[in-house]
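Going by our numbering, the sequence shown opens with residue 27, and the numbers climb by one from there.
Note that CB positions come from ideal geometry on N, CA and C, so glycine has one too.
Below: one structure, written as C-alpha cells.
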Amino acid sequence: MRTNAGVAIWGSLFTICVALLLIDQRDDPEFIFPISFAAPEHRAPDTNPKFEAAFVGSHAETPSVHAGTLTYLKNGSLLAAWFGGTREGAKDVSIYFARRESDSQQWSAPVVVASREQTTQELNRFIAKLGNPILFADSRGRVWLFYVTVSFGGWSGSSITFRYSDDDGESWSGAERLVTSPFLNVSTLVKGCPLECKSGHILLPVYHEFLRKCGELLTISPDGKLVSKTRLSATHRAIQPCVVPLNEKAVRVFYRQNGFADRMVLTQQIPNVFAPDNTALVATNIANPDAAVSVIRRNNKGFLMVCNPLDSGRHKLSLATSNDGLSWQVIHEIENSASPNEFSYPYLIQGRPGEYHLIYTWNRTKMRYAFFNERWLENAP
C-alpha cells in the first residue's frame with residue numbers, strides 16, 4: 027500500500043515531466059537583431075585606434091578567481107561578475123560583482139553579490155558550491171545574474187540559480203532556481219552570453235555534463251520561468267555553446283570541444299534556432315585545448331572570436347576573425363606567455379557600435395579587462 031507521501035512524490039514527478047514535455051509547444055518567436063545599445067550622448071565614438079587593459083578590482087581576499095562575465099548598460103556603464111575563493115569548488119567561493127561607470131576608467135571595489143550561505147538560505151536547500159556566473163541587461167532595464175549551484179557531487183550535479191536587479195545592480199532580488207531537468211533538476215550549467223527575444227523572453231545558452239555532454243538553449247520568460255528548452259548539439263563532444271545571431275531566427279553556434287585528441291573549435295549553423303533540425307557540427311581551423319571560446323558578430327557582418335588557439339595549454343589568448351565562421355585568421359594576441367600560465371574563459375561583448383569589451387581569467391589569480399575598438403582591429407599587423 028502506497029503512503030500519502032509516496033503518492034505526493036510520484037505526483038510531483040509526473041507534473042514536472044508533463045511540464046517539460048509541453049514547454050516546447052510555443053509560438054515561434056524572434057530575437058532582437060541586430061543587437062544594439064544606446065550610446066551615451068555626451069561622448070562621441072573614438073575614431074582613433076584604441077586598446078586598453080586593466081585588472082578588475084583587488085583580489086587580495088580571494089586567491090583564486092575564474093569565469094568572468096560582462097554586461098553593458100544603456101547609460102554606458104559596465105557591470106562585471108566572476109567567482110572567487112580559495113580555489114574552484116571550495117566552500118568559500120562567492121560570486122563577486124564590480125562596476126565601471128561610463129565617465130570613469132576605474133572599476134569599483136568588488137562586492138559579494140551571492141554567497142553559498144546566502145543562496146542556501148534563500149533557496150531553502152543545501153548548496154555545496156557556486157560556479158559560473160552570467161550577467162545580462164535586458165531591453166527593459168532589468169539586469170539578470172544567472173549562476174551555477176551544486177548541492178551534491180561535482181559540476182555534473184549543477185543547476186542554475188538566478189537573481190535580478192531593477193536598479194542597475196545597486197540591489198538584487200533573492201535567489202530563485204530554474205527547473206530545467208526532470209531528473210533531480212541537475213546537470214545544467216551556464217557559460218555563453220544570452221540573447222533577447224522581441225517578446226522580452228531571454229535565450230540562455232547552457233550545457234550538460236552528466237552522462238551526455240551537450241549544448242541546449244533555454245527560453246526564459248520575463249518573470250524568470252522556463253518556457254522551453256532546445257537541444258542544440260547531438261554530439262557529446264560539444265559544450266559551452268556560444269550562440270551568435272545571423273538574423274531574427276538563424277544562428278551560428280560555437281563550442282568548446284571536450285575530451286578528445288586533435289581538438290578544434292566546433293560550429294554549426296542553425297537556420298531556425300526555435301525549430302532546430304540537428305544540423306551537423308563541423309570543425310573550424312582553430313585549435314581548441316578543451317577551453318572556452320567567446321564569439322560575437324563583428325559589426326553584424328563577420329565574426330570575432332577570443333580563444334586559446336593551442337593544442338594544449340591556455341598560455342596564449344588571441345583574437346581571430348572570420349567571414350563565414352569556418353575559416354579563421356588570428357589577428358591579435360591579447361596574452362602570450364610560457365606554459366603553465368593561464369589566460370582563459372574569455373567573455374566578449376559589444377558596447378556601442380565598433381567598441382568591444384572583454385574580460386578573462388588571468389592566471390586564476392585576477393580578472394583582466396580589455397577594451398578595444400574597430401579601428402584598432404583594422405590595424406592588425
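- For the set V119, D288, L104 and N311, the Cα lying nearest the Cα of S353 is the one of N311.
- Secondary structure of S182 (DSSP, three-state): helix.
- Contact annotation: F369 and Y382 have beta-carbon atoms that are not nearer than 7 Å.
- Here T187 carries a strand assignment [DSSP, helix/strand/coil].
- Contact between the segment 254–261 and the segment 179–196 is absent: fewer than 3 CB-CB pairs across the two stretches fall below 8 Å.
- Relative to N389, the option among P271, H341, F123 and G183 whose CA is nearest is H341.
- Beta-carbon to beta-carbon, E242 and F57 are separated by about 16 Å, too far to satisfy the 8 Å threshold.
- Between I385 and L104, the gap from beta carbon to beta carbon reaches 7 Å or more.
- Taking 7 Å as the cut-off, the beta carbon of P248 is found no closer than this to the beta carbon of G218.
- The shortest CA-to-CA distance from S130 to any of A80, Q144 and S207 is the one to A80.
- Distances from the CA of Y233 to each of S259, R323, K251 and I246 were compared; the closest alpha carbon is that of S259.
- The continuous alpha helix (DSSP H) containing E143 extends over residues R142 to L149.
- Annotated as distal: R278 and V291, with beta-carbon spacing of 7 Å or more.
- Bridge pairing for K255: L244 [DSSP].
- In the three-state DSSP reduction, R401 falls in the helix class (H, G or I).
- Taking a cut-off of 8 Å on C-beta distances, the segment 115–131 touches the segment 148–159, as three or more cross pairs fall below it.
- Counting only residues of its own chain and dropping the five nearest sequence neighbours on each side, N74 has no CB closer than 6 Å to any other CB.
- Close CB contacts of H92 within its chain, under the 7 Å cut and outside five residues either way in sequence, are with W108, F109, E114, Y371, T387 and R390 (chain order).
- With fewer than 16 other Cβ atoms from the protein chains shown falling within 10 Å of its own Cβ, V138 counts as exposed.
- Beta-bridge annotation (DSSP): C219 is not paired with any residue.
- Boundaries of the beta strand (DSSP E) harbouring T310: V308 to A313, taken from the DSSP string.
- D316 and D288 have their alpha carbons spaced roughly 10 Å apart.
- For A80, the secondary structure class from DSSP, reduced to helix, strand or coil, is strand.
- In this structure V174 touches S184 by the C-beta definition: roughly 5 Å separates them, less than 8 Å.
- Put simply, the backbone Cα of T347 is about 12 Å away from that of S320.
- By the CB criterion at 7 Å, F59 and N273 fall inside the cutoff.
- Under a 10 Å Cβ-count criterion, N150 is classified as exposed, with fewer than 16 other Cβ atoms of the shown protein chains found around its own Cβ.
- As the crow flies, the alpha-carbon of T305 is around 11 Å from that of T261.
- Note on T112: under 16 other CB atoms within 10 angstroms of its CB, so exposed under the neighbour-count rule.
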